[in-house]
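Below: one structure, written as structure tokens.
Protein chains in written order, with the working numbering: chain Z, 144 to 639; chain P, 365 to 725.
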């Protein structure tokens, strides 16, 4: 039995945790829910020894323990899988899992024993992982499994999963929860941190809700609560979370994008159209050509055959600069890599991409005042907090960074919006806001293409769903035409 | 303002601590009063001698300043060369080679072109900048077209430049034409019209080159902080993926930044030739280009930071010659520079100490 007692933690003037007490029994599946910044991760970081609480204590079976580093926590059987992985991309799965506690034989690394141990652990957890695959080449979903294996291989008896399904497909998520459930039945405690209420209700045996650093409830039973009640507890009463479905596509709306039998590395004979005012959702299991498609559409990947018609004009090539000129907005999957620069200020990041034109520049020179004013306007409109345009971007939370990227890309009048995983890792309010914005630009006449691994998101947003499997289009459905099972079959490319 | 002070603090503290360590070592080996005397004479040689104002008048300052400024000029220009490349994420180890090429072109243009005075100097400077830029562009071209890492190519191009210029051209085809039995190492003397004018006549070597270096630093500062292109360079240096997605042409950025870097180093060579040597000497003995790396790091890649460290260490070096009278090798200032560099590399430690101090205050 683990008990967190009266934990408080401040960062400067910000109270991250305010007198939070929580217990965890062996074999229990506890879900901790709350908005971004509610204190979920801070609380778990206290349990994992990353943060030392200002007030309060951690007890293991009645014994008060000082966890001064994750090492102490691991020794006590705590394992944590973070949202951001700590893997070495150039090493294999087996090497990553064994890193730091490699089995030795006569003082030398016993690579075979290590590999066998990893194979055994993977089997026990129900993961289909090639122990010899290089981690850098795996999908995000598989990389996460490697992280979980790492924790299990270190003897974790309590497993903390921080937003584990933010990056997974429904099938992968089901697999994950099935194996987590099996682990808990063998006595492992599992703590799930999540925004997704459906999975919380399906998985947990008990639900705790945090709001602004305070514990609101710790005793909710999934059978006796509902998504609506949870959402209300998380965000407070009376906050609108639903997304309008939009007016639909006007008959005879002009085509913004038409791909016909397009071939590129990772894509085969892809045909699809996006009309003005239409939201097209690309559904599929991670690694089935979604990334490649988004890259082709944003000028980062050349195509080798087929026709590419944009705004009525057939194109033979596309560069990122062309995209900016043509009004193609891009919300990339990995914002810190492709969309923003951590070490620039917020206002410089707002200007990025349009940095050479008014209001950000006057001729060859930066228009400092215009850039500042534009950033202030955008931060206001997109509710980016704190409203400090001169802050380093890296100081913003992930959710606020994403709001900034979405706001920046949808500024002006884009003709085509390519959004990849636009709500990954965001909290309920931010998700609703991003989806509303995407709907809004579509209603204003843009074509919107949303790639998401979250099937619920695709179904909630899209007027038309296009399913990709193995780089091919395996199905195209109008809103409401396809049920989840049918989509799942198409995503796995199995015939009914 | 407070942030800016905190940002430069690691460099300032590193230099101060290096000076202190240097003093302690001298004091331990020669005694405290000798060390104090040696440092006093070094500062006198660097910044001027108030005690000799009666005897020398204003030249008690102008002469040491001239010596300091000639060294500071070269350090500034090569430091800017490294700093500019660093802005786009490139490590220009090749400032020395670019300087050598620029110096030779300036010497040849200064000696063999027939142009009106003044204009002649400007043209020679311009050609040297172009030559240095072209030489550096070779490395950029290799990187863009062939994926050769610029550290490797610039180091190798240093040797190519050195052998080409000092191994063949200067002792060979470009060697000075001499009458009689006199033998001169180096190229022909540049024409008087191509020389950079001294600002205070014959008694101080302070020449227009220093103004040029300050001007280049200010121009680069303005360019990097206020121009769209400068912004693109910064983005390309910090996150090339985001730069590419934002439509910044990365290859062009690499080539342009390297060309500007090479031009700065080429100007350093030209100032050396047109300002003080007045010919390409047999060899350029001092590693100005490599010292530029130290200036860029101590100045944290900021043009004014580079200028400040170059002025300080240029002055110390000028004063360093006086140290010989105290029995200390004249390269002592370079030792201080090296120690400061090691200390500034320990930046993380400084920042932690500073953060703690700020919290307490």
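Where is the CB? At the ideal position from N, CA and C, for every residue including glycine.
Provide the residue span of the alpha helix (DSSP H) that contains residue i, from first to last.
i                     : result
residue 582 (chain P) : 572-590
residue 567 (chain Z) : That residue, residue 567 (chain Z), is in no alpha helix (DSSP H); it is neither H nor E in DSSP.
residue 692 (chain P) : It is not in any alpha helix (DSSP H) - residue 692 (chain P) carries neither H nor E in the DSSP assignment.
residue 478 (chain Z) : 478-481
residue 266 (chain Z) : 254-268
residue 311 (chain Z) : Counting along the chain, residue 311 (chain Z) falls outside any alpha helix (DSSP H), and DSSP gives it neither H nor E.
residue 350 (chain Z) : Taken as a continuous stretch (DSSP letters only), residue 350 (chain Z) belongs to no alpha helix (DSSP H), being part of the beta strand (DSSP E) at 349-354.
residue 372 (chain Z) : 370-378
Determine the closest residue to residue i out of the options, with distance taken between C-alpha atoms.
i                     : options                       : result
residue 295 (chain Z) : Z:307, Z:626 and Z:264        : Z:264
residue 298 (chain Z) : Z:610, Z:259, Z:219 and Z:209 : Z:219
residue 271 (chain Z) : Z:280, Z:329 and Z:289        : Z:289
residue 484 (chain Z) : Z:539, Z:319 and Z:427        : Z:539
residue 378 (chain P) : P:700, P:719 and P:721        : P:700
residue 488 (chain Z) : Z:361, Z:501, Z:529 and Z:505 : Z:529
residue 480 (chain Z) : Z:541, Z:149, Z:306 and Z:599 : Z:541
residue 622 (chain Z) : Z:341, Z:186, Z:239 and Z:422 : Z:422
residue 196 (chain Z) : Z:182, Z:509, Z:472 and Z:433 : Z:182
residue 413 (chain Z) : Z:148, Z:163 and Z:618        : Z:618
residue 165 (chain Z) : Z:202, Z:240, Z:276 and Z:194 : Z:202
residue 553 (chain P) : P:518, P:529 and P:538        : P:538
residue 475 (chain Z) : Z:454, Z:448, Z:442 and Z:351 : Z:442
residue 407 (chain Z) : Z:451, Z:375 and Z:311        : Z:451
residue 683 (chain P) : P:427, P:370 and P:392        : P:427
For the beta strand (DSSP E) that residue i lies in, which residues bound it at each end?
i                     : result
residue 203 (chain Z) : 198-203
residue 612 (chain P) : Element bounds for residue 612 (chain P): n/a, residue is neither H nor E.
residue 607 (chain Z) : 607-612
residue 154 (chain Z) : 145-154
residue 451 (chain Z) : 448-453
residue 358 (chain Z) : 357-363
residue 615 (chain Z) : 615-621
DSSP beta-bridge partners for residue i?
i                     : result
residue 221 (chain Z) : Z:301
residue 332 (chain Z) : Z:301
residue 424 (chain Z) : Z:593 and Z:608
residue 473 (chain Z) : Z:561
residue 206 (chain Z) : Z:203
residue 402 (chain Z) : Z:415 and Z:451
residue 456 (chain Z) : Z:453
residue 322 (chain Z) : According to DSSP, residue 322 (chain Z) bridges with nothing at all.
residue 337 (chain Z) : Z:176
Determine the burial state of residue i: buried for a count of at least 16 other Cβ atoms within 10 Å of its Cβ, exposed for fewer.
i                     : result
residue 336 (chain Z) : buried
residue 268 (chain Z) : buried
residue 714 (chain P) : buried
residue 595 (chain Z) : buried
residue 211 (chain Z) : exposed
residue 367 (chain P) : exposed
residue 549 (chain P) : exposed
residue 415 (chain P) : exposed
residue 154 (chain Z) : exposed
residue 558 (chain Z) : buried
residue 367 (chain Z) : exposed
residue 233 (chain Z) : exposed
residue 378 (chain Z) : buried
residue 498 (chain Z) : buried
residue 227 (chain Z) : exposed
residue 434 (chain Z) : buried
residue 453 (chain P) : buried
residue 586 (chain P) : exposed
residue 473 (chain P) : buried
residue 370 (chain Z) : exposed
residue 402 (chain P) : buried
residue 144 (chain Z) : exposed
residue 207 (chain Z) : exposed
residue 224 (chain Z) : buried
Pop quiz: residue i and residue j are said to be a contact at Cβ under 8 Å. What is the actual Cβ separation, rounded to whole angstroms?
i                     : j                     : result
residue 385 (chain P) : residue 703 (chain P) : 6 Å
residue 373 (chain Z) : residue 176 (chain Z) : 6 Å
residue 302 (chain Z) : residue 333 (chain Z) : 5 Å
residue 615 (chain P) : residue 515 (chain P) : Incorrect: roughly 18 Å between the Cβ atoms, too far for contact.
residue 186 (chain Z) : residue 217 (chain Z) : Contact doesn't hold; Cβ gap of about 18 Å is too wide.
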